[in-house]
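Colleague: In my numbering, the protein residues as written are 64 to 224.
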Ligand SMILES: [Fe+2]
């Protein structure tokens, strides 16, 4: 994707990621509703816990950049991101992984946004430096999350065959 050159596009990407992280935080609520093994539950807990943190990081930047914190689904996102009813464990983690990869790419796009666009949203240099550090951390976390999902899919395949 070419670098983001429009303030509105960066702002709406931040809003969407705030929303997605809040949805991912609720992954934990599936624990009682689907049949999972201990290892899967642990994985789900890590993903849920980190998403909670990521949501707060996005919220912090929305507030600092004077962008509205969404209270309902931002445009372009499905009403229910996750519905695991009737899915097998590998299918569940494949589904989650799609969003981990999407998140990783979204944070990369934010980081690579045109410097002028970032300056418009965050005029203070300290803010911009902190924003970049946070994004680096988010990208690293999402990479880890994607690996967790992939190992859950693989681990299950090993058990099956
Ligand atoms: Fe994640």
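The C-beta atom is built at its ideal place from N, Cα and C for all residues, glycine as well. Source: prediction; values computed, not measured.
1. For residue 191, which residues in the same chain have their Cβ closer than 8 Å to its Cβ, ignoring the five residues on either side in sequence?
2. Count the other CB atoms within 10 Å of the CB of residue 92; is the residue buried (16 or more) or exposed (fewer)?
3. Residues around ligand 1, please: the condition is that the C-beta lies closer than 7 Å to some non-hydrogen atom of it.
4. Could you tell me if residue 142 is buried or exposed, where buried requires 16 or more neighbouring beta carbons within 10 angstroms of its beta carbon?
5. Where does residue 98 sit, in a helix, a strand or coil, going by DSSP?
6. Which two residues bound the contiguous alpha helix (DSSP H) that contains residue 138?
7. Let me confirm a value: residue 103 is counted as buried when at least 16 other C-beta atoms fall within 10 Å, else exposed. Which label applies?
8. Report yes or no: do three or more beta-carbon pairs, one from the segment 140 to 158 and one from the segment 207 to 218, lie closer than 8 Å?
9. Just confirm the distance between the C-beta atoms of residue 152 and residue 219, as a whole number of angstroms; I'd bet it's less than 8 Å.
10. To the nearest whole angstrom, what separates the beta carbons of residue 94 and residue 107, a pair I think is in contact under 8 Å?
11. By a C-beta neighbour count over all protein chains shown, 10 Å radius and 16 as the cutoff for buried, is residue 118 buried or exposed?
12. By how many angstroms is the C-alpha of residue 148 removed from the C-alpha of residue 217?
Modeller: With the structure as the only source:
1. Result list for residue 191: 181, 182 and 185, in chain order.
2. Counting every other CB atom within 10 Å of its CB across the protein chains shown gives residue 92 a total below 16, marking it as exposed.
3. Per the Cβ criterion, the list is 87, 110, 113, 114, 117, 163, 166, 204, 205 and 208.
4. Exposure of residue 142 is indicated by the presence of fewer than 16 other C-beta atoms within 10 angstroms of its C-beta.
5. DSSP, reduced to helix, strand and coil, places residue 98 outside both helices and strands of the structure shown, so it counts as coil.
6. Neither: residue 138 is in no alpha helix (DSSP H) and is coded neither H nor E.
7. Buried, since its Cβ has 16 or more Cβ neighbours within 10 Å.
8. Taking 8 Å as the limit for Cβ pairs, the verdict is that the segment 207 to 218 does touch the segment 140 to 158.
9. So it is a contact: roughly 5 Å between Cβ atoms.
10. About 6 Å separates the beta carbon of residue 94 from that of residue 107, a gap short enough to meet the 8 Å contact definition.
11. Burial of residue 118 is indicated by the presence of at least 16 other C-beta atoms within 10 angstroms of its C-beta.
12. Distance between the alpha carbons of residue 217 and residue 148 is about 21 Å.
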